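One structure is given here, and the rest of the page talks about it.
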Amino acid sequence: MNGHNDPVALAARHPELAETLRWYLRNLDFVQHAATELASSDDRRSIDDQVLDELGDL
Numbered sequence: 000m001n002g003h004n005d006p007v008a009l010a011a012r013h014p015e016l017a018e019t020l021r022w023y024l025r026n027l028d029f030v031q032h033a034a035t036e037l038a039s040s041d042d043r044r045s046i047d048d049q050v051l052d053e054l055g056d057l
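At position 36 of the sequence shown the residue is numbered 35 (numbering that gives the first Met the number 0), and the sequence of numbers has no breaks.
Below, the structure written as structure tokens:
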């Protein structure tokens, strides 16, 4: 990862994002799995809407 994409570097530059980035990194596998599952579904809603629905259920 370069400095622009690196979550650790981003958190160092923007401490207010640190907790969000920690959550994202802890849940990255879940988010990727959910997006893959949703992408293969027949549902016509956008992937973004489906992922937001899944995350809302947490």
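Ideal Cβ positions, reconstructed from N, Cα and C, are used throughout, including at glycine.
Here the structure is a predicted model, which means the values were calculated and not measured.
Annotation for Asp28: the continuous alpha helix (DSSP H) segment containing it runs 27-38. Excluding its 5 nearest sequence neighbours in each direction, Ala10 has C-beta neighbours in its own chain below 7 Å: Leu16, Ala17, Leu20, listed in chain order.
The criterion of a C-beta distance shorter than 7 Å is satisfied by Ala33 and Val50.
Taking C-beta atoms as the reference points, Leu27 and Pro6 fail to come closer than 7 Å.
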